[in-house]
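Asker: Please see the structure below; I have some questions.
Protein chains in written order, with the UniProt record's numbering: chain A, 1 to 331; chain B, 1 to 331; chain C, 1 to 331; chain D, 1 to 331; chain E, 1 to 331; chain F, 1 to 331.
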């Protein structure tokens with residue numbers, strides 16, 4: 001099994017019960033999650049040796065985030081604690097035709113307000129196979145943009161593969177800022193989760209077709225160091241019903257998984273991270289591309305049927321799901 | 001913003017969790033609601049100055065009903081308290097092909113058993129733009145039929161528009177009783193929520209067509225004082241899946257909204273009141289009829305996705321729902 | 001109304017909330033059930049005089065199982081208590097495309113580990129019209145295979161009809177073991193719940209057609225004592241959406257009910273038992289076969305909309321469901 | 001074991017969580033209970049054959065009351081169902097120095113508004129050893145006063161002992177009305193739960209001493225047919241902390257149990273009924289008076305530690321409680 | 001009834017269930033509160049016309065805070081909404097010998113980060129009898145110290161009485177900062193909630209005695225404008241058991257209420273605010289000092305028995321509590 | 001920090017809510033625990049490097065037990081998974097004078113039914129400072145008695161200290177069996193949790209005094225290899241109120257901590273394990289005996305205020321508790 005370091009912010013998520021508006025809620029369910037943390041948990045579930053590097057508040061909430069990660073077997077050795085708060089977000093769950101609504105409350109977190117990169121990078125990446133980070137981290141500040149590049153450079157120096165999930169969030173930075181960062185960062189990237197819209201709006205590739213594989217080809221021309229591109233195509237029938245289909249580009253070839261209907265969705269948050277985690281597992285365990293993309297799509301779909309941000313299924317369970325007709329009672 | 005008085009009974013609703021029969025329930029969720037109270041809350045959410053006139057039990061449950069109204073900004077100045085109980089109803093929520101079942105327990109309520117109209121009507125309607133009442137109030141007793149007429153007369157005298165929602169309930173009175181009342185009441189009405197079945201069964205208009213606009217035309221001929229008619233057409237696929245489409249008749253023209261699929265329904269109770277409240281908002285804020293009916297249909301649909309009897313969305317949220325593709329996560 | 005004895009194990013069921021994996025659950029909902037116990041409750045709900053014969057742990061959990069049965073009016077006079085545990089199973093509810101997962105923990109139960117048949121059989125069957133047992137009991141052990149035959153023999157001697165639900169569970173015994181038992185047991189059976197797969201895999205009838213009535217004809221030729229066969233055909237669209245249609249074979253004729261869509265399913269466990277209970281009710285109350293199969297299919301469908309293992313509807317409610325368009329609010 | 005008929009109203013109790021005011025509650029816990037129903041359940045728990053005669057609403061709530069009784073093994077053969085509501089009461093639980101507050105909502109119940117005694121009294125009392133009724137039933141109406149006398153007369157005629165719990169409630173009738181009824185009823189009574197205040201305020205016995213045994217002596221002089229008097233003395237330190245001590249008068253002797261501290265109280269409602277039920281058990285099972293009063297006091301104390309109106313302990317558990325030092329973990 | 005303006009921050013409080021550590025909690029209960037908001041609600045409960053001036057986040061949480069205030073009848077006309085977050089704090093409830101632990105997360109709130117006083121002060125105080133503010137507001141920033149003085153000055157100019165609760169919090173500012181502020185602010189104050197420790201540590205009065213009345217005398221000498229001082233003395237036996245006794249100084253006289261035992265405490269937070277609210281009610285309704293201090297102590301004690309930050313009892317309920325032996329069931 | 005291996009069974013605990021009897025419970029709270037697992041978690045909380053060696057069911061419940069351990073940072077490398085069930089126990093929580101009742105259901109667990117010691121002992125103890133096991137493991141079977149000795153021998157060979165908690169459970173083995181085992185095992189033990197009753201009933205030391213230190217002296221004479229003895233003295237006022245005081249014997253001296261009142265107890269289970277864990281921490285971190293026993297007593301007391309089997313406080317929190325007056329709100 002491989003050794004992986006995931007890096008990014010982990011937040012507290014407070015969720016009102018389905019059918020209850022946030023401003024009416026008398027109880028909020030507590031989850032902890034973040035894009036890279038969710039990927040870390042997926043990889044630990046698949047048997048890899050994963051460490052999560054981040055910084056959390058030195059209080060009960062930061063401790064809870066650590067407990068959450070550890071419960072899945074993720075090492076929290078590089079998880080720092082210090083002053084500042086734990087970034088928080090509130091979720092009013094959508095259902096049917098009503099969209100899910102998120103209220104972010106992440107300013108001033110211990111992670112976002114770090115004054116310097118506090119890890120010993122040589123040590124952090126020693127013996128590590130893959131370093132995973134997402135576009136949310138550089139979106140936090142100008143400093144984090146620089147530090148993200150430093151991290152990628154250190155990882156490459158240590159012989160790590162670099163996995164990057166573009167994960168563009170318009171509330172955090174502009175397309176211009178993101179595009180500028182990508183130009184600097186992508187030369188260090190080996191595995192890249194990005195889609196058609198990223199190509200067009202962040203990298204300025206001209207919109208000529210709906211076929212994502214064409215864009216991957218063009219992105220590969222610009223950044224020949226990137227060996228693998230991947231993304232999901234989501235057809236949104238309603239908040240409760242989606243279709244999902246994964247695509248993987250590798251070595252000039254595009255592999256598309258069979259599409260899944262997800263009906264009804266229990267909790268969509270983290271679906272993309274479950275996909276990324278499973279893609280990385282496919283790459284790290286030498287699955288062939290076709291198996292990898294089928295596995296990753298199934299893993300992403302399964303995530304939608306459990307509450308909380310992270311994938312909670314191991315490899316055997318994902319494989320069983322792929323092979324089952326998936327609606328029998330398993331006695 | 002306009003000044004509105006809504007008038008009617010407010011009740012305690014006790015609801016078993018979905019999938020649990022009333023006779024098995026160990027916990028019941030508590031809501032407060034009533035047709036006119038729900039309209040009052042909708043209008044307060046849209047920014048109007050709304051007072052709710054009713055009478056509740058002078059005990060903790062009556063106090064809870066008042067707290068409920070006030071939390072939405074509805075004035076409870078004309079909410080009286082006195083002896084008697086708070087009308088109650090129990091809901092066993094349907095799901096899928098199983099219907100929702102309601103057990104009424106409303107006899108002997110403080111409102112239904114009032115001995116006289118206890119409000120100073122001149123004061124109640126001073127400066128008020130619209131007076132809203134529904135057919136449930138006159139259905140309670142012979143006395144309430146008289147008092148409802150007196151209220152309408154006083155409202156008209158004070159220069160108020162009168163809004164009336166027919167809301168026929170066969171368990172409370174016969175079609176004959178209701179029809180007789182309508183003949184007396186409708187001459188005072190400006191805005192009327194009624195549908196094809198009301199026209200046929202309560203007003204005795206001959207059934208000749210399925211087109212509600214024809215009936216509105218005929219009703220308008222009988223009661224030329226009524227400026228606006230409105231109703232929803234609901235196609236029931238199952239308890240969990242409905243289609244809803246609103247119709248508004250104004251000034252000889254019929255306006256029909258785009259139909260909405262509601263799948264799955266979280267709580268259907270109060271959907272009609274959300275529609276009426278939004279229609280009145282359209283009329284009070286001088287929206288054009290087309291906008292009014294689209295807004296009202298959307299507001300009614302949204303209500304189905306939250307628990308409890310009343311609409312909990314403000315104007316901006318309803319408008320956003322109309323414009324969204326309504327199933328994205330709003331980050 | 002008829003007098004019925006149902007016989008078999010009753011177990012504790014612990015269920016995680018939908019969307020929560022068993023290994024994450026901090027709360028488990030408690031139900032009690034078992035195939036024959038569920039049939040007993042159905043028949044008591046329909047007004048029959050039903051006794052449940054079993055053995056449970058002489059502790060709080062055994063007492064809870066007894067309370068459960070009694071609450072529906074089932075007599076627990078022949079319910080023994082003694083050492084050993086109460087068989088238990090854990091349910092992770094599926095939803096959408098994710099299957100339901102059951103973890104069995106039933107070894108060493110007071111029932112399964114009985115050393116002898118502890119009932120006075122003459123007394124047990126005195127005046128009883130129907131004795132109902134299922135294939136789960138003989139699957140428990142070699143001893144239980146013998147005892148099941150003894151029970152059937154005693155019942156026949158006492159003039160009881162014998163009802164048998166094949167209920168094959170591959171985790172308990174092999175097809176060979178089950179087939180061998182059936183050869184010995186079926187000659188005592190009057191009413192038999194079994195399907196096409198039972199005929200092929202347990203009775204070794206050659207697979208030639210998909211039509212269950214052909215198999216019933218062949219089974220009847222082998223066991224002419226069996227007057228009635230019945231089963232449901234379930235089309236599984238997903239864990240949340242099934243179609244269900246019942247078939248009854250009687251006197252050489254096959255009767256098929258109208259199919260029902262079940263969307264969404266709240267709790268599928270016990271659906272088959274609700275079907276069997278309702279078939280027995282039809283037989284015991286002299287309904288014509290057509291009515292019996294329609295009633296039983298509707299009863300089975302209704303069970304899917306309530307939590308817990310047993311049917312919770314009485315005859316009037318099932319009939320109302322059959323006649324309703326089943327999605328109106330019943331005020 | 002003896003055969004007992006308990007008679008009276010059973011009600012729905014809705015309780016807010018401790019620390020939550022009724023007017024703030026969003027969830028209410030559901031219990032069913034009533035003085036005589038609680039006694040019935042106690043006696044069934046102790047192994048007697050108990051039937052409960054009452055009338056409940058013919059709806060889901062009445063059905064729930066029946067399920068509740070049956071779950072403890074109480075026969076509901078003489079439990080009628082019909083129109084009217086189920087009497088209800090709401091409980092705001094006190095704690096510490098804050099008192100518990102009850103909101104009654106029992107008017108118009110199916111029981112209270114019966115038009116005639118609907119039971120065949122000969123049949124009701126055939127073979128019955130004890131008939132138990134309380135002062136709440138005659139307090140409901142003038143008609144119920146007459147019917148209660150008729151029931152007592154019929155019971156005596158059938159050879160039943162009559163057990164009566166005075167249970168005076170000032171919100172239901174005046175001391176004068178209650179006193180007048182007692183004069184007529186007590187001549188039929190064999191076992192009487194009443195205390196010093198009943199003697200003084202209802203029977204007009206002069207207040208001369210604090211010693212309840214003197215009053216029992218005087219009451220016995222007036223009603224020499226009464227063989228046994230009993231009551232508890234409760235010292236209220238706070239809502240959460242009480243002391244309880246039972247007294248039994250029999251055959252001219254007064255027996256007083258050891259006092260118990262109850263700290264903290266979980267649910268006080270039904271403590272007196274648990275006491276009465278255990279006294280009757282002592283009488284019916286020929287315990288000596290000393291054992292009876294110790295048993296009954298312990299049973300009453302135990303009730304305070306469980307939620308809901310009724311005693312949930314069997315004889316062995318009460319005896320174990322009496323002998324234990326009562327605070328060890330029983331592994 | 002008087003007209004009151006309360007001013008200060010209102011926060012979201014998230015509380016883990018008793019016995020569950022914050023870092024283990026999977027559910028958090030939601031309350032809204034703040035010192036001055038709690039006082040506002042108390043005064044509204046007592047029938048005064050109260051407005052709450054503050055600024056909250058323009059999101060669902062800010063809306064919830066507004067709903068909370070309105071539900072008690074507090075006017076939110078001067079409640080502003082804008083960018084920034086809603087201050088939050090997390091509570092791990094203590095019990096027995098374990099202390100309650102609070103994790104504050106209030107930085108960057110919409111209120112704390114206001115750039116200027118956004119209210120029209122003339123309008124805010126027009127016709128107002130009392131302006132209430134606490135020491136938490138000036139503790140937020142240097143700017144808020146200035147603005148608090150401006151508010152007091154404007155209030156005095158408008159003819160308002162100024163009520164000030166010192167409410168010193170060492171995590172927000174130093175004793176020096178607080179003392180300096182008090183020197184500037186107290187000359188505007190009419191009613192002052194402060195205690196012995198405030199006198200010694202904030203005002204630099206020499207510690208010579210344990211008797212709070214001596215300190216009040218000395219404080220009055222320094223600030224002769226202050227007509228009334230008040231505070232509670234709390235004896236902490238454990239987190240679950242406290243004794244509370246209020247003291248009021250008025251016109252040279254000290255009035256001390258009878259002490260109350262509070263056992264067990266349900267929720268201590270807001271006890272002091274309930275005291276202040278009740279003192280102001282006594283002053284505004286011309287109770288004599290003796291009655292005022294008894295009323296306020298009782299009101300403060302009652303608060304400890306309900307969950308949430310604010311007093312939920314009206315005047316009649318507080319008076320009933322004072323006169324009751326406070327542990328009877330009130331049927 | 002030290003390296004520790006704890007060894008023993010871990011079980012599923014299902015607990016009814018306080019005030020609800022097991023046979024009435026509709027929900028059970030889920031915890032995982034066991035004597036040695038609880039000690040492991042305590043030591044991990046205090047910063048040691050702890051591994052837990054056990055065997056659990058290879059199903060969702062075994063996985064949950066692993067997640068539980070990992071969440072506290074305990075390594076589960078030596079946690080095996082295999083066939084068999086997870087031992088289970090059900091808890092009906094006592095309160096006040098009602099005792100807590102435990103229903104064990106642990107037969108046939110994967111751990112108890114192991115066929116051989118499956119760990120490579122050399123590897124298991126490599127570099128380990130302390131090996132901790134309790135008397136529950138040898139109580140499971142004759143085989144486990146042998147294996148426990150083998151484990152102790154291997155630990156000693158590897159240079160480990162052996163910690164043993166006698167933890168006598170009469171439902172698992174007789175005093176004779178336990179005594180015989182102790183004679184064989186204690187020669188390998190360095191740190192021994194045992195009390196006066198163990199000395200008298202298991203080791204046959206004559207009862208001459210109530211002073212535990214005398215027995216420690218005598219036990220030390222028999223087993224001079226044991227360096228440290230420790231135990232708590234618990235005074236049980238009621239299920240809700242206990243006093244606790246720890247004693248430590250070391251090097252011929254007895255150290256007794258200050259006694260603590262625990263009022264009210266939230267969850268007593270695991271209190272002894274919290275004590276043992278904290279004693280080991282004291283020994284491993286070279287605290288002086290006086291500090292160790294004070295720390296351990298405080299840690300044991302704190303455990304009683306949180307739900308679940310394990311201590312959830314770190315060293316700083318225990319120290320803060322010792323120094324606090326322990327009932328202030330910590331803002």
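Ideal Cβ placement from N, Cα and C applies to all residues, glycine included.
Quick one: using the 10 Å Cβ neighbour count with 16 as the cut-off for buried, is residue 122 (chain F) buried or exposed?
Answerer: Counted from its first residue, the sixth chain places residue 122 (chain F) at position 122. It is exposed - the Cβ of residue 122 (chain F) has fewer than 16 other Cβ atoms within 10 Å.
Asker: The beta strand (DSSP E) that contains residue 53 (chain F), what's its start and end?
Answerer: For the purposes of this step, residue 53 (chain F) is taken as the residue at position 53 of the sixth chain. Residues 49–57.
Asker: Determine whether the beta carbon atoms of residue 28 (chain E) and residue 22 (chain A) lie at a separation below 8 angstroms.
Answerer: On the fifth chain, position 28 is the one that residue 28 (chain E) refers to. On the first chain, position 22 is the one that residue 22 (chain A) refers to. Not a contact, by the Cβ cut-off of 8 angstroms.
Asker: Beta-carbon within less than 6 angstroms of residue 62 (chain D)'s beta-carbon, same chain only, minus the 5 sequence neighbours each way: which residues are those?
Answerer: As a working mapping, residue 62 (chain D) is identified with position 62 in the fourth chain. If we look at residue 62 (chain D) and ignore the five residues flanking it on each side, its Cβ neighbours are 56, 81 and 86.
Asker: Counting only the same chain and skipping the five closest in sequence on each side, list residues whose C-beta sits under 8 angstroms from that of residue 38 (chain D).
Answerer: Working through the fourth chain from its first residue, we reach residue 38 (chain D) at position 38. Sequence-distant Cβ neighbours of residue 38 (chain D) in its own chain, meaning closer than 8 angstroms and more than five residues away, are 270, 273, 274, 277, 309, 310 and 311.
Asker: Are there any heavy atoms of the ligand ATP lying less than 7 angstroms away from the beta-carbon of residue 91 (chain A), as far as the coordinates show?
Answerer: Ligands are entirely absent from the displayed structure, and the ligand ATP is therefore not among its contents.
Asker: For residue 67 (chain C) and chain D, any beta-carbon pair shorter than 8 angstroms?
Answerer: As a position in the third chain, residue 67 (chain C) is number 67, starting the count at 1. Closer than 8 angstroms to some Cβ of chain D, the Cβ of residue 67 (chain C) qualifies, so yes.
Asker: Please report whether the beta-carbon of residue 124 (chain A) lies at a distance below 8 angstroms from any beta-carbon of chain E.
Answerer: Residue mapping note: residue 124 (chain A) aligns to position 124 of the first chain, counting from 1. Chain E contact via Cβ: absent.
Asker: Does residue 246 (chain D) have its Cβ less than 8 angstroms from a Cβ in chain C?
Answerer: Residue mapping note: residue 246 (chain D) aligns to position 246 of the fourth chain, counting from 1. No, residue 246 (chain D) does not count as interfacial toward chain C.
Asker: Are the segment 84–102 of chain F and the segment 222–237 of chain F in contact at 8 angstroms, needing three or more beta carbon pairs?
Answerer: no
Asker: Ordered along the chain, which non-local residues of its own chain (more than five positions away) have a Cβ less than 7 angstroms from that of residue 187 (chain D)?
Answerer: On the fourth chain, residue 187 (chain D) is found 187 positions in, with the first residue counted as 1. Within the same chain, residue 187 (chain D) has close Cβ partners 223 and 225.
Asker: What three-state label does DSSP hand residue 222 (chain D) in the structure shown?
Answerer: Taking the fourth chain and counting its residues from 1, the one referred to as residue 222 (chain D) is at position 222. If DSSP states are grouped into helix, strand and coil, residue 222 (chain D) belongs with the helices.
Asker: Out of E:143, E:208, E:96 and E:210, which one is the CA nearest neighbour of residue 177 (chain E)?
Answerer: For this step, residue 177 (chain E) is matched to residue 177 along the fifth chain. When each option's Cα is compared against that of residue 177 (chain E), the closest is E:143.
Asker: Under 8 angstroms Cβ-Cβ, which residues of chain A neighbour residue 95 (chain C)?
Answerer: Taking the first residue of the third chain as position 1, residue 95 (chain C) is located at position 95. Near residue 95 (chain C) (Cβ distances below 8 angstroms), the residues of chain A are 264, 266 and 305.
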